[in-house]
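Below is one structure, written out as structure tokens; comments come after it.
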Amino acid sequence: TVRAAQIFDFFAGETLRLSGELVPSVRPGVGVEITREAVGVVGIITPWNFPIAIPAWKIAPALAYGNTIVFKPAELVPESAWTIVNILHRAGLPKGVLNL
Numbered sequence: 022t023v024r025a026a027q028i029f030d031f032f033a034g035e036t037l038r039l040s041g042e043l044v045p046s047v048r049p050g051v052g053v054e055i056t057r058e059a060v061g062v063v064g065i066i067t068p069w070n071f072p073i074a075i076p077a078w079k080i081a082p083a084l085a086y087g088n089t090i091v092f093k094p095a096e097l098v099p100e101s102a103w104t105i106v107n108i109l110h111r112a113g114l115p116k117g118v119l120n121l
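Residue numbers 22 to 121, in our numbering, belong to the letters of the sequence shown in order.
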């Protein structure tokens, strides 16, 4: 859907940020830095409602920051999940990075 494409487009743009953000802390003299980095393998379990948008909202940032994914969709929407994974593999995502 269009919404899923917008989500992937947004996170593709986020990968171009060279550094994190510095935000003030509620504690005096302390700063908070937000960084984006891979954590390894991300497990994603999604519900049946919004079967394209919710997985896209979880898969896109995980891929953007260099993680591999194990994706478990709701049992009611297996075709939607297979379609997302198939599209990403056809777009060049290496096998084994997104596992259904």
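Just so you know, even glycine gets a beta-carbon here, dropped at the ideal spot from N, CA and C. Since we're looking at a predicted model, the values are computed, not measured.
Selection from the options that minimises the alpha carbon distance to residue i
i, options, result
"Leu114", "Glu100, Ile80, Arg24, Glu96", "Ile80"
"Val118", "Ala26, Pro76, Val23, Gly61", "Gly61"
"Glu58", "Ala77, Gly41, Ser46, Arg48", "Gly41"
"Thr22", "Asn88, Arg111, Thr104", "Thr104"
Neighbourhood of residue i by C-beta distance below 6 Å, restricted to the same chain and skipping five residues each side
i, result
"Pro72", "Val98, Ser101"
Test item: CB-CB of residue i and residue j under 7 Å
i, j, result
"Ala95", "Pro76", "no"
"Gly52", "Val91", "no"
"Glu35", "Ala85", "yes"
Exposed unless 16 or more other CB atoms sit within 10 angstroms - verdict on residue i
i, result
"Val106", "buried"
"Leu109", "buried"
Close Cβ partners of residue i (< 7 Å) along its chain, the five nearest in sequence each way excluded
i, result
"Ala25", "Ile73, Ala74, Ala77"
Mind listing, in chain order, the continuous beta strand (DSSP E) runs of no fewer than 3 residues lying wholly within the stretch 77 to 104? Counting only runs of 3+ residues, the beta strand (DSSP E) found wholly inside the stretch 77 to 104 occupies 89 to 93, in chain order.
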